[in-house]
Every structure is written in C-alpha cells, then in structure tokens.
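S.K.: Heads up, the sequence shown is in UniProt numbering, so the first residue is 1 and it goes up one at a time. Cβ coordinates follow ideal geometry from the N, Cα and C atoms, glycine included.
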Amino acid sequence: MSSTGKATIFASRATTALKGVMGVLAAFAAWEVVRQTGFIDKRDLPAVIEVMEAAYSGLVHGDISSALLETLQSWISGLALATVIGIAGGLALALLPGLELATRPILEFLRPIPSVALIPVALLVLGIGTSMQLFMISFAAVWPVLFSTKAGVESIDPRFLETGRVLGFNRAERVMRILLPASLPYIATGIRTAAAIALVLAITVEMLTGRPGIGFYIENVRLNGLTAEMWGGILVTGIFGYLVNALFVGIERFTLPWSPENRDA
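(1) Got a sec? Which residues, its chain only, sit under 6 angstroms from A54 by beta carbon, not counting five neighbours each side?
(2) If we count Cβ pairs, one from each stretch, closer than 8 angstroms, do we get three or more for the segment 19-37 versus the segment 200-215?
(3) Taking only runs of the alpha helix (DSSP H) that begin and end inside the segment 45-131, which ones reach a length of at least 4 residues, in chain order?
(4) Report the three-state DSSP secondary structure of G232 (helix, strand or coil).
(5) Sort T83, I203, E219 by Cα distance to T71 and report the nearest one.
(6) Which full runs of the alpha helix (DSSP H) of 4+ residues lie inside the segment 175-240, going along the chain?
(7) Closest to G225 by CA distance: which of A14, I156, K42, M52 is it?
(8) Leaving out five residues before and five after T193 in sequence, what residues of the same chain have Cβ atoms less than 6 angstroms from its Cβ?
(9) For S77, which residues from the same chain have a beta carbon less than 7 angstroms from its beta carbon, with the 5 sequence-adjacent residues on both sides left out?
(10) Rounded to the nearest angstrom, what separates A94 and L201 at their Cα positions?
(11) Hey, out of P185, G98, S183, I85, whose CA is closest to F139's CA?
(12) Express the C-alpha separation of V51 and F160 in angstroms, rounding to a whole number.
(13) On the criterion of 16 or more Cβ atoms from any shown chain inside 10 Å, does R174 qualify as buried, or is it exposed?
(14) For V236 versus L81, is the C-beta spacing smaller than 8 angstroms?
(15) Helix or strand or just coil, what does DSSP make of S155?
(16) Can you check which of these residues, L167, I156, T16, I251, is closest to I191 by C-alpha distance?
(17) Going by DSSP in three states, N170 sits in which element: helix, strand or coil?
(18) Would you grab the beta carbon distance between L256 and L184 for me? Rounded to a whole angstrom, and I think it's under 8 angstroms.
(19) Can we say the segment 91-109 touches the segment 147-156, given the rule of at least three CB pairs closer than 8 angstroms?
(20) Give every residue of the same chain whose Cβ lies closer than 6 angstroms to the Cβ of Y186, excluding the five residues on either side of it in the sequence, and list them in chain order.
(21) Quick check on V205: buried or exposed, where buried means 16 or more other Cβ atoms within 10 Å of its Cβ?
(22) Is DSSP giving residue 269 helix, strand or coil here?
(23) At the level of alpha carbons, what is the spacing between K19 and V244?
(24) Per DSSP, what kind of secondary structure is P257 in: helix, strand or coil?
(25) Taking a contact to mean a Cβ-Cβ separation below 8 angstroms, would you say M132 touches L123 in this structure?
(26) Would you mind sorting residue 272 into buried or exposed? The rule is 16 or more other CB atoms within 10 Å of its CB.
(27) Quick check on this structure: which residue in F240, F248, L247 has the alpha carbon closest to the alpha carbon of R59?
(28) What number of angstroms, rounded off, separates the C-alpha of G164 from the C-alpha of I156?
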C-alpha cells in the first residue's frame, strides 16, 4: 500500500476516533445538564466524576473486579455451550431437509419466547445453581448461532460441493473442508450477536436470582442506597460490553479477511 493510502486510512480512523470521543463528552455534558436542572434528583444521579471514582475504586479494591470475573466465567461457559449447539444444529438443519421440516414448528415456538420469562421454569427445574444460569445463557444465545450457521450453509454455491464430490471427498470431508470454511463469516456474525445476548442474560439472571456477578453487585448496592457505586457498576458493564464486541470484530477481521464485510472495512 502506498504512503498516500496509509495516510488516508490513518486520517479516516483518527476522524472516527475523534467523533467517538466527542460523542462521549457530549453524553457527559448532557448528564450534568440533566443533573443540574433538577429534573432527576441529584441523589439518584450523582456527578460523572463520582461515578468514575466509584467504578475505579470498585475495580481497584476488588468489589467490581471480582463480580465482573464471576460474570465473565458464566458468560464464557454459556456462550461456548450455545456456540457448539448452534453450529451443530445449524449444520444438521441445513443438510437434513427432513429434520428441518420436522423441527420447524417447535423451533418457531421456542425462538420468540423471551428468555427472561423462562427464569421461573429454570429455577423450578434446575434450582438456583450454575446449571440454571448456564441453561438461561445458552438458551438465549443459541438462536443467532443456529440460524446464522444454517443460512451460511444454505448460501454456499452447490458447485463447490460438486467439486468436492469430483475430488473424492466423502460427506464428512465436504462438511469440514468446504461447508464450514465457507460458512465461517456467517457463523462469526452469529457468535458476535450471541456474545452480546449472553452477556445480557448473564447479568439479568444475576440480578433476579442473586447469583454472584456484576448484576448482583449492581442490584445489591442499589438496595443499599449506594447510587454512585450502582452507576459505577453500570459504567463498567457498558465498557465491558463494548470491549467484548470490539474483541469479536477484531478476531473476525484477523481470521476472516475474505469476508465481504471485512473487505469493505
């Protein structure tokens, strides 16, 4: 790439970063304006600097950092389980039309159900332990992976599979050497979407059931009237969610350079 092209890319990225910083500063300014007008009680809406200090203190002294670690563990486990089930199920539905027809009614029944609505059922059947939390996270996160995988396999040009047959690939080899690599951009998008959903469910379950994690921390400090600590926990949660999405985008761009989305980027 020429020096002019590199300079153009650098300038574009710098402009994007500057716009992001300006947006954050504008949000902080709006926060303070709302606070100063008294539209919301100042006891319920502490100053931005107080929120940042609470977030920093919680991370340094371990209250927020230990809670975030608990959430991270359950989030990774639930997302991994949803990914395995979703990829396997998506492949099966795309490759076995009879299975897809047989399971379509039940899948279309389960998919629209709000995952939070199943928490009472999960508590009744699985109790309040780790298995309940993993079930809730994986149930919510499996759908984007499942249907993205199915769509990816169905979008593959049939000539690719015919070429595999000509080369003597058996069914398993065609799946591993043709179907999966060609479907990876779709699968990656599904996993990235599922990661955000899994994080939401992990925190929601912690808030509603008292399972240890950042959700329980936020709810606990709220009940104790520690509003700055509550907002600090929310701030850390938002930053963590942003970093999770950025991480998955970076992995996609590094591992899947042939994806149309990454080529455009």
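M.R.: The structure says:
(1) A228, E229, G232
(2) no
(3) 48-61, 63-95, 97-110, 119-126
(4) helix
(5) I203
(6) 180-209, 214-223
(7) K42
(8) P144
(9) L134
(10) Whole-angstrom Cα-Cα distance: 28 angstroms.
(11) The option with the nearest alpha carbon to F139 is I85.
(12) 55 angstroms
(13) Buried.
(14) no
(15) Here S155 carries a coil assignment [DSSP, helix/strand/coil].
(16) I251
(17) coil
(18) The pair is a contact, with the Cβ atoms about 6 angstroms apart (cut-off 8 angstroms).
(19) The answer is yes - the segment 147-156 touches the segment 91-109, with three or more Cβ pairs under 8 angstroms.
(20) S148, A151, G152
(21) buried
(22) The requested residue 269 is not part of the displayed model; the chain covers only 1 to 265.
(23) 21 angstroms
(24) P257 falls in the coil class under three-state DSSP.
(25) yes
(26) Look at the range of the chain in this structure, 1 to 265, and you will see that residue 272 is not part of it.
(27) For the record, residue 59 in the displayed sequence is Leu; it is not Arg. Closest option to L59, Cα to Cα, is F240.
(28) 13 angstroms
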